[in-house]
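Below is one structure; the comments refer to it alone.
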Amino acid sequence: MGAAQAGTAGTHGFPPVRTSFVGRAAAVSDVRRLLSEHRLVTVTGSGGMGKTRLAGEVARLVAGRFADGIWLAELALAAAPEQVAPVIAAAMGVPELPGVPAAQAVARALARSQLLLVLDNCEHVIEAVAGLCAEWLPAADELRILATSREPVGIAGELRYRLAPLTLPGSDGGTGASDAVALFADRARLADPHFRMTADTGPVVARLVERLDGMPLAIELAAARVEAIGVPVLLDRLDERLSLLTAADRLAPARHQSLRATVDWSYQLLGEHEQQVFRAISVFPAPFTLDGAEAVAGDGAGPVIMRLVDCSLLTPPHAGPDGRSRYQMLDTLRRYGADQLAAAGEQPAAAAALARCVRQIARRACGEMQGAAGELAAASWLDAEDPAIRDGLAWALHHDPAAALDLVISLAPWWKLRGRLVTGYPLIRGAAAHAPAGSDDWCAAQYWLGQAAHSTGDFETAAGHFTAIIDVQSGREPGAVLAGALAGRAAALVNVSRLAEGIDDARRAVALARAIGDPGSEALARQNLHIALYYAGDLDGALHWAREAVAVNPAGVPGWIARRGLRFLTVALYESAELSAARERSTEGLALARQAGDLPGQAAFLDLMADLDRLAGQLAEAGTHLHEALEIADRIGDPTALLNSLDSCGHWCAAGQRWGQAVTVWAAFQALNQAEGAIDIPPDAVRRAQPLERAGRALGPDGTRAAGQRGAAMGMTTAVQFALMLTAADEGAAQAGPLSPRERELIALVARGRTDAEIAGELYISVRTVRSHLDRIRDKTGFRRRADLTRLALAEGLV
Numbered sequence: 125m126g127a128a129q130a131g132t133a134g135t136h137g138f139p140p141v142r143t144s145f146v147g148r149a150a151a152v153s154d155v156r157r158l159l160s161e162h163r164l165v166t167v168t169g170s171g172g173m174g175k176t177r178l179a180g181e182v183a184r185l186v187a188g189r190f191a192d193g194i195w196l197a198e199l200a201l202a203a204a205p206e207q208v209a210p211v212i213a214a215a216m217g218v219p220e221l222p223g224v225p226a227a228q229a230v231a232r233a234l235a236r237s238q239l240l241l242v243l244d245n246c247e248h249v250i251e252a253v254a255g256l257c258a259e260w261l262p263a264a265d266e267l268r269i270l271a272t273s274r275e276p277v278g279i280a281g282e283l284r285y286r287l288a289p290l291t292l293p294g295s296d297g298g299t300g301a302s303d304a305v306a307l308f309a310d311r312a313r314l315a316d317p318h319f320r321m322t323a324d325t326g327p328v329v330a331r332l333v334e335r336l337d338g339m340p341l342a343i344e345l346a347a348a349r350v351e352a353i354g355v356p357v358l359l360d361r362l363d364e365r366l367s368l369l370t371a372a373d374r375l376a377p378a379r380h381q382s383l384r385a386t387v388d389w390s391y392q393l394l395g396e397h398e399q400q401v402f403r404a405i406s407v408f409p410a411p412f413t414l415d416g417a418e419a420v421a422g423d424g425a426g427p428v429i430m431r432l433v434d435c436s437l438l439t440p441p442h443a444g445p446d447g448r449s450r451y452q453m454l455d456t457l458r459r460y461g462a463d464q465l466a467a468a469g470e471q472p473a474a475a476a477a478l479a480r481c482v483r484q485i486a487r488r489a490c491g492e493m494q495g496a497a498g499e500l501a502a503a504s505w506l507d508a509e510d511p512a513i514r515d516g517l518a519w520a521l522h523h524d525p526a527a528a529l530d531l532v533i534s535l536a537p538w539w540k541l542r543g544r545l546v547t548g549y550p551l552i553r554g555a556a557a558h559a560p561a562g563s564d565d566w567c568a569a570q571y572w573l574g575q576a577a578h579s580t581g582d583f584e585t586a587a588g589h590f591t592a593i594i595d596v597q598s599g600r601e602p603g604a605v606l607a608g609a610l611a612g613r614a615a616a617l618v619n620v621s622r623l624a625e626g627i628d629d630a631r632r633a634v635a636l637a638r639a640i641g642d643p644g645s646e647a648l649a650r651q652n653l654h655i656a657l658y659y660a661g662d663l664d665g666a667l668h669w670a671r672e673a674v675a676v677n678p679a680g681v682p683g684w685i686a687r688r689g690l691r692f693l694t695v696a697l698y699e700s701a702e703l704s705a706a707r708e709r710s711t712e713g714l715a716l717a718r719q720a721g722d723l724p725g726q727a728a729f730l731d732l733m734a735d736l737d738r739l740a741g742q743l744a745e746a747g748t749h750l751h752e753a754l755e756i757a758d759r760i761g762d763p764t765a766l767l768n769s770l771d772s773c774g775h776w777c778a779a780g781q782r783w784g785q786a787v788t789v790w791a792a793f794q795a796l797n798q799a800e801g802a803i804d805i806p807p808d809a810v811r812r813a814q815p816l817e818r819a820g821r822a823l824g825p826d827g828t829r830a831a832g833q834r835g836a837a838m839g840m841t842t843a844v845q846f847a848l849m850l851t852a853a854d855e856g857a858a859q860a861g862p863l864s865p866r867e868r869e870l871i872a873l874v875a876r877g878r879t880d881a882e883i884a885g886e887l888y889i890s891v892r893t894v895r896s897h898l899d900r901i902r903d904k905t906g907f908r909r910r911a912d913l914t915r916l917a918l919a920e921g922l923v
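The working numbering applies: residue 125 is where the sequence shown begins, and numbers increase by one.
Right, dumping it as structure tokens:
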């Protein structure tokens with residue numbers, strides 16, 4: 125996952141700051157201190173109090189204290205309690221695997237990380253947040269959580285910090301040393317560059333911010349009206365609205381009254397059509413484009429959007445990750461708009477409109493991704509629309525299965541590019557269940573289900589999905605659907621040692637794709653024929669078809685298929701000892717994969733670059749490439765890529781005559797490869813034989829046996845950490861030093877995945893004593909994270 129890899133210090137997921145941070149010095153200092161003393165700190169306060177902005181400022185200031193960084197999970201994106209864990213997982217880059225709940229996947233990642241997790245806007249899913257915090261904190265000793273909510277999380281060990289209003293002017297009416305006045309003045313100058321605090325305006329502003337209870341959002345909304353109506357009229361109008369709301373809801377806290385009055389006042393100033401547009405666009409969970417607003421709120425929404433910006437009900441447009449100008453509604457305003465939308469009976473229509481909007485976007489983006497030239501822009505577009513896509517897809521899955529199926533099929537190429545196809549597997553399967561068997565959409569769904577299963581190394585299931593397509597296509601006019609299914613099944617079959625069948629399917633796919641003139645299918649079929657022949661040991665034939673695959677016109681080939689072709693050509697050139705050409709192709713492929721954000725492709729090319737570096741005698745460069753390959757493959761949960769990199773790590777160790785480590789890594793690789801049900805490719809097994817023989821001579825029978833037993837006992841997580849330790853640039857920089865037997869016992873237990881509480885129980889000592897010992901170990905060695913301690917234990921031979 126993203127948080128578990130080395131080099132992820134700093135802040136992640138926090139939006140860019142576009143205005144100054146005014147006041148709150150004491151609050152920032154308090155929360156920083158509390159985070160050093162408590163593992164769960166919840167900043168509470170009413171809506172608009174500035175909890176999110178405070179959390180962002182604190183995160184920026186304490187980032188250096190967390191080796192694996194600070195990660196923001198915006199829980200406003202979670203529309204229901206069951207979506208909380210998936211939203212957090214997505215924010216942290218933790219892939220979801222079939223059969224593994226998102227909460228469990230996040231727990232595994234957190235257990236080996238030292239980080240601060242910021243859970244923002246928890247109030248609407250507070251029970252789900254409480255359950256996850258209660259589960260994760262005991263299991264992840266280096267985890268700290270900073271939550272923002274309108275109420276505490278409500279579990280043992282939580283420290284609640286009430287965020288007070290901004291400081292107000294003194295009783296003498298002066299405006300000095302008032303954060304509330306300073307914020308108003310700062311934001312008023314943004315709305316009107318000519319605004320000045322004078323002897324006349326000062327007292328009025330002081331009364332105004334006092335009426336607004338020092339709440340930042342209310343102050344900012346009021347300040348935005350300075351140019352339009354002036355401070356005196358602003359105060360008069362605000363007084364009217366505050367009185368009206370208090371009378372309507374006498375039991376609400378005063379703070380709630382003031383914030384609601386501000387929002388309601390702004391809303392009531394709008395015309396009828398403006399209110400309708402405001403209600404409709406509140407359905408967007410994240411920044412949106414003008415086109416998106418018009419798709420949801422109607423063609424006449426454009427001028428109204430500009431009006432809402434003037435009214436500070438929307439932020440001015442700014443470039444999103446896709447380069448498109450996007451507007452954003454503050455969360456409190458969005459929730460207010462959602463209430464109004466429901467009250468007007470318009471919520472079902474708006475949700476359906478959003479689903480139609482994202483469906484159109486996904487279709488267009490999917491079409492653009494069919495050619496390599498449009499892939500980058502299309503993928504960036506979908507990245508920016510991700511929150512809206514999630515909401516639109518959720519609605520479609522419950523209300524319009526046909527639309528849901530169309531949407532998941534359109535999204536599948538993007539999911540594959542971002543290493544999320546496995547997460548999409550259950551969504552595709554669920555949507556496909558409502559489609560008539562054998563229909564075009566059903567076949568498309570089966571194809572992507574096959575690709576997803578192949579990504580996890582479940583080759584039998586992948587072959588089953590592709591066979592289902594082939595069976596229903598029998599008797600129909602042959603087309604790209606059949607060619608793609610044959611090519612996909614060929615790759616799955618050779619991975620379960622059904623080589624003759626795989627070669628036959630691949631040849632049929634090549635002939636069919638060529639006959640129908642479909643470049644993408646033809647390139648994929650040629651690639652998979654290369655794989656089949658390579659696994660069969662026909663290296664000349666494999667090289668021929670690898671070259672044939674990249675010769676297909678790239679203009680009509682999806683980017684992921686084109687890069688896959690470069691990868692296989694690199695392998696074939698490598699096997700044919702054409703190392704210069706192999707390096708050229710691999711360098712090209714890695715650059716393209718980085719540009720596209722193709723994580724699976726990056727892992728594969730980095731692994732190939734490591735092999736080429738090793739053969740060139742550049743072991744330092746090989747270690748750097750291999751380390752990054754392992755990190756990426758671990759983050760996206762790609763078992764095939766991890767196994768490939770473990771095999772490469774064994775060769776890298778052998779090249780440096782680190783014979784014991786080579787035997788250990790290869791023993792882990794072989795045990796894990798067998799457990800995954802994958803075959804040991806003949807050329808790879810042959811290449812491994814000679815260095816293993818040399819290792820055996822260098823180590824002797826007893827040393828070889830011990831090293832092999834150590835590796836065979838490793839699970840995937842331990843083996844990957846071992847390989848990451850070996851390939852780290854600073855490997856060996858921090859030494860164990862004079863550790864006591866008890867301290868060595870402690871780090872061995874950490875390396876085996878024990879929590880502090882489990883270690884305490886096993887050693888019959890207190891948790892506090894465990895933590896005291898671990899702190900001393902960190903001071904002695906310089907290793908701060910549990911992953912570092914795991915590598916230390918591995919380096920010392922303690923596991």
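Ideal Cβ positions, reconstructed from N, Cα and C, are used throughout, including at glycine.
Does DSSP put residue i in a helix, in a strand, or in coil?
i: Gln129; result: With a pLDDT of 47 at Gln129, under the threshold of 50, the modelled position of that residue is not reliable, and the figure given next carries that caveat. Residue state, collapsed to three classes: coil.
i: Leu863; result: coil
i: Tyr888; result: coil
i: Ser273; result: strand
i: Val230; result: helix
i: Leu393; result: coil
i: Arg239; result: Correcting the residue type first, residue 239 is Leu in the shown sequence and not Arg. Strand.
i: Arg268; result: strand
i: Ala624; result: helix
i: Glu259; result: helix
i: Gly806; result: Here residue 806 turns out to be Pro, not Gly, going by the sequence shown. Here Pro806 sits in helix by DSSP.
i: His318; result: coil
Contact check, residue i vs residue j under 8 Å by CB: the rounded distance?
i: Met493; j: Trp539; result: Their Cβ separation, rounded to whole angstroms, is 11 Å, which puts Met493 and Trp539 out of contact at 8 Å.
i: Ala746; j: Asp737; result: 4 Å
i: Arg488; j: Ala527; result: Not really, about 15 Å apart at Cβ, beyond 8 Å.
i: Ile279; j: Cys257; result: 6 Å
i: Leu196; j: His248; result: Between His248 and Leu196 the Cβ distance is about 17 Å, and since that is not below 8 Å, they are no contact.
i: Thr166; j: Pro276; result: 5 Å
i: Leu623; j: Tyr659; result: 6 Å
i: Glu220; j: Thr547; result: 4 Å
Mark residue i as exposed unless 16 or more other C-beta atoms lie within 10 angstroms of its C-beta, in which case mark it buried.
i: His751; result: buried
i: Ser273; result: buried
i: His523; result: exposed
i: Leu185; result: exposed
i: Arg892; result: exposed
i: Arg320; result: exposed
i: Val253; result: buried
i: Ile353; result: exposed
i: Thr851; result: buried
i: Pro806; result: exposed
i: Ala150; result: exposed
i: Asp595; result: exposed
i: Thr914; result: buried
Any heavy atom of the ligand ZN inside 8 Å of the beta-carbon of residue i?
i: Glu699; result: With respect to the ligand ZN, the structure offers nothing, as it holds no ligand at all.
List the residues that DSSP assigns as beta-bridge partners of residue i.
i: Arg284; result: Thr166
i: Ala443; result: Ser449
i: Glu198; result: Asp244
i: Arg613; result: BP columns for Arg613 are empty, so no partner.
i: Thr135; result: Ile194
i: Phe408; result: The partner list for Phe408 (beta bridge, DSSP) is empty, contrary to what the question assumes.
Practice problem: Pair every Cβ in the region 505-516 with every Cβ in the region 555-563, then say whether three or more of these pairs are closer than 8 Å. | Solution: No, because fewer than three Cβ pairs between the region 505-516 and the region 555-563 fall closer than 8 Å, the two stretches do not touch.
Quiz item: Is it true that the region 673-690 meets the region 700-707, where meeting means three or more beta-carbon pairs spaced less than 8 Å apart?
Solution: With a cut-off of 8 Å, the region 700-707 and the region 673-690 do not count as touching, because too few Cβ pairs lie within range.
Exercise. Report yes or no: do three or more beta-carbon pairs, one from the region 455-469 and one from the region 396-415, lie closer than 8 Å?
Key: Result yes; three or more Cβ-Cβ pairs closer than 8 Å.
Practice problem: Give a yes or no on contact between the region 210-219 and the region 304-318, applying the rule of three or more CB pairs nearer than 8 Å. | Solution: No, they do not touch.
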